[in-house]
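K.L.:
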Amino acid sequence: MTADTTTPLAYPFNTADGLQLADAYEHARDQEGLLSVRMPYGEPALLVTRYADARFVLGDQRFSRALAAEHDAPRQSEGRNDRGILSMDPPDHTRLRSLVAKAFTVRAAERLRPQVKEFTAGLLDALEETGAPADLVDGFALPLPVAVICRLLGVPLEDRPRFRIWSDAALSTSSLTAAEAEANREELRVYMAGLIERHREEPQDDLMTALIEARDGGDRLSEEELVDLCVAVLVAGHETTATQIPNFVLTLLDHPDQLALLRARPELIPGAVEELLRFVPLGSGAAHPRYATEDVVVGTTLVRAGTPVLVAAGAANRDAMRFTAPGVLDISREGNQHLGFGHGAHHCLGAPLARLELQEALGGLISRFPGLRLAGDVVWKTEMLVRGPRAMPVAW
Amino acid sequence: MTGVSRSVRVDSRLCLGSGMCAAIAPEVFALDGDRARAREDGAEPDERALEAAEICPALAITVHEGTAVIGPRRE
Ligand code: HEM
Ligand code: SF4
Chain A
2 MTADTTTPLA YPFNTADGLQ LADAYEHARD QEGLLSVRMP YGEPALLVTR YADARFVLGD
62 QRFSRALAAE HDAPRQSEGR NDRGILSMDP PDHTRLRSLV AKAFTVRAAE RLRPQVKEFT
122 AGLLDALEET GAPADLVDGF ALPLPVAVIC RLLGVPLEDR PRFRIWSDAA LSTSSLTAAE
182 AEANREELRV YMAGLIERHR EEPQDDLMTA LIEARDGGDR LSEEELVDLC VAVLVAGHET
242 TATQIPNFVL TLLDHPDQLA LLRARPELIP GAVEELLRFV PLGSGAAHPR YATEDVVVGT
302 TLVRAGTPVL VAAGAANRDA MRFTAPGVLD ISREGNQHLG FGHGAHHCLG APLARLELQE
362 ALGGLISRFP GLRLAGDVVW KTEMLVRGPR AMPVAW
Chain B
28 MTGVSRSVRV DSRLCLGSGM CAAIAPEVFA LDGDRARARE DGAEPDERAL EAAEICPALA
88 ITVHEGTAVI GPRRE
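If you're matching them up, the sequences are chains A and B in order.
The opening residue of the first sequence carries number 2 in my numbering; numbering runs sequentially from there.
The opening residue of the second sequence carries number 28 in my numbering; numbering runs sequentially from there.
#1: Tell me which same chain residues have a C-beta within less than 6 Å of the C-beta of S65/A, skipping the five on either side of it?
#2: Establish whether the CB of Q338/A and some CB of chain B are separated by less than 8 Å.
#3: Which residues mark the beginning and the end of the alpha helix (DSSP H) in which E67/B is found?
#4: Which residues in chain B have a C-beta closer than 9 Å to the C-beta of R56/A? List them in chain order.
#5: Step through the CB atoms of chain A and report whether any lies within less than 8 Å of the CB of D68/B.
#6: Using CA atoms only, rank isn't needed, just tell me which of M209/A, R319/A, R114/A and A142/A is closest to V234/A.
#7: What residues in its chain sit with their C-beta under 6 Å from that of T16/A, if we drop five residues either side in the sequence?
#8: For the candidate residues G60/A, R391/A and N248/A, whose alpha-carbon lies nearest to that of P53/B?
#9: Can you tell me where the alpha helix (DSSP H) holding G315/A begins and where it ends?
#10: Helix, strand or coil: how does DSSP classify S168/A here?
#11: Would P290/A count as contacting chain B if we go by Cβ distances under 8 Å?
#12: For A95/B, return the contacting residues in chain A, with the cut-off set at a CB-CB distance below 8 Å.
#13: Report back the beta-carbon spacing between L290/A and L311/A to the nearest angstrom; my notes put them in contact at under 8 Å.
#14: Roughly how many angstroms lie between the CA atoms of R36/B and L357/A, to the nearest whole one?
#15: With R36/B as the anchor, note down where its beta strand (DSSP E) starts and where it stops.
#16: Around the Cβ of P115/A, are there at least 16 other Cβ atoms within 10 angstroms (buried) or fewer (exposed)?
#17: Using 8 Å as the Cβ pair cut-off and three pairs as the minimum, do the stretch 299-315 of chain A and the stretch 32-48 of chain B touch?
#18: Could you tell me which chain A residues have their CB closer than 7 Å to the CB of I82/B, listed as they occur along the chain?
#19: Thinking C-alpha only, which one of W381/A, A396/A, L354/A and L386/A is nearest A110/A?
#20: Among the residues of its own chain, which have a CB less than 6 Å from the CB of A135/A, if the five just before and after it don't count?
#21: Quick check: D320/A and R51/A, are their CB atoms within less than 8 Å of each other?
#22: Report yes or no: do three or more beta-carbon pairs, one from the stretch 262-272 of chain A and one from the stretch 361-368 of chain A, lie closer than 8 Å?
#23: Kindly indicate the opening and closing residues of the beta strand (DSSP E) around E88/B.
#24: Would you list the one or two residues that DSSP bridges to G98/B?
#25: Output, in sequence order along the chain, the residues in the stretch 352-372 of chain A whose CB is closer than 9 Å to any CB in chain B.
#26: Who are the neighbours of E62/A on chain B, taking C-beta pairs under 8 Å?
#27: I need the straight-line Cα distance from R388/A to G238/A, nearest angstrom please.
#28: Please confirm if the stretch 99-108 of chain A is in contact with the stretch 328-347 of chain A, defined as three or more CB-CB distances below 8 Å between the two stretches.
#29: Would you say A76/B lies against chain A (beta-carbon separation less than 8 Å)?
#30: Checking contacts by CB at 8 Å: is D61/B closer than that to chain A?
#31: Since F105/A meets chain B, which of its residues come closer than 7 Å, beta carbon to beta carbon?
#32: Step through the CB atoms of chain B and report whether any lies within less than 8 Å of the CB of A313/A.
#33: To the nearest angstrom, report how far apart I246/A and D73/A are at their CA atoms.
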């Protein structure tokens, strides 16, 4: 069959103030073919909601990220961001990725574990000292990944208030005009270019210095790519993790049996993190459309060359064709090959580091605070690509 | 070292199933289940296979030339 040509449905489906997966995804997944959807800006797209289709599209070179720049790509805000590693195709993408890959292997992340443990313990100490109630986001979930990524990349922690504003704007879907969004990104780039200059003069033992060497020594990286790569690592390196920490805590508080099991058996923490990555639909909707470079059949649908495809990983992660009892949170689940970090060429660069941070964060919180509970209303982010609490008062 | 045949191996105990290798070098790697494997009918590992070995987050891929390991280049 060919793609559905009826009026595209308004997208994204998920509401911003919660972590529910919209019912519309269930319908889409059960229906044959791919659904036609329209985002607030850009041309209509086909929506992928099944696990097998999602893996296929994300893993096949005939679907291009780079082509999005040549189209009126579907997006949530007026401004567009066609730069950076997530907007490139192999072989350019692979060249960039291979320069940073070594800093983000499972082994490299493991070497950071003691440091992450130390940061975690320090923040938990500070929370205890201040006493309950406290904001889990500001007091824990945000400063942890920020400290880790700043240390790894070589960004001074004191600058956090400055790049916080830019980084918020980078992931924002709000009413910022295209010009405002671009101005924000430019400020962050100028800041990063300045830091790079300082590192050139005084090399450090950090990722920024290693990337500078790759550019200045091997000519494998343009100056613009160098700046964009550092920006990508800084922004992608903390916002998602900072959002998933409170999301995971909330989800566990919603599933007291699973929380109790985790407390009783802390060795289940790595598996619990995987299950939470599967279960929590982080995005308000799919982002980063892939463009078909030729006619490709996805499942039973013929996707014509030049058509954008959106992959809803959150929906695919609840596909009963792949996961038994997909709507059930089961921290002991086996064979949990979820799409929470994406799939294929753009599979999350920071996945090993994010896993480790989430494990340490959850492990630290539940062992230190056996009585951890909500102590007020959660304030939700409403204008971000990722969903989660902006503030989350807790007591223990 | 022409004449010495190259081969590629995936350690399935390490592989995380990220799908990166199969996405960038589909002639060499396949991902039909949750783990990647070198295709039996696979093409001779080329530059892209070496790059796959470089970017694999699990360091699960090795590229061999005769008895020597030529990829990934050491950390
Ligand atoms: C819980 C935390 C995180 C989640 C859920 C997450 C999720 C994702 C997902 C789904 C993608 C793929 C996007 C796509 O293909 O459209 C991605 C890509 C990426 N992530 Fe993460 N991420 C997290 C943490 C991190 C961290 C800590 C870093 C640190 C460097 C990072 C850096 C990146 C980068 C650079 C990309 C682009 C990769 C590429 O285009 O090759 N992420 N992430
Ligand atoms: S890149 Fe590495 S971890 Fe990813 S599928 Fe290939 S072998 Fe497995």
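In this text, a Cβ means the ideal position worked out from N, Cα and C, and glycines have one as well.
P.N.:
In brief:
#1: D90, Y292 and T294
#2: yes
#3: Premise fails: E67/B is in no alpha helix (DSSP H) and is neither H nor E.
#4: G46 and L58
#5: no
#6: M209/A
#7: none
#8: G60/A
#9: A314 to A317
#10: helix
#11: no
#12: Under the 8 Å cutoff, chain A gives no residues; its nearest Cβ is about 20 Å from A95/B.
#13: With the sequence shown as reference, residue 290/A is identified as Pro, and Leu is not the correct amino acid for it. With 8 Å as the limit, P290/A and L311/A qualify as a contact, their Cβ atoms being about 5 Å apart.
#14: 27 Å
#15: R33 to V37
#16: exposed
#17: no
#18: T95, R98, S99 and A102
#19: L354/A
#20: L128
#21: yes
#22: yes
#23: Residue identity check: residue 88/B is Ile in the sequence provided, not Glu. Note, I88/B: beta strand (DSSP E), I88 to E92.
#24: V90/B
#25: A352 and P353
#26: Strictly speaking, residue 62/A in this sequence is Gln, with Glu absent from that position. Those within 8 Å of Q62/A in chain B are A50, I51 and P53.
#27: 16 Å
#28: no
#29: no
#30: yes
#31: P84
#32: no
#33: 34 Å
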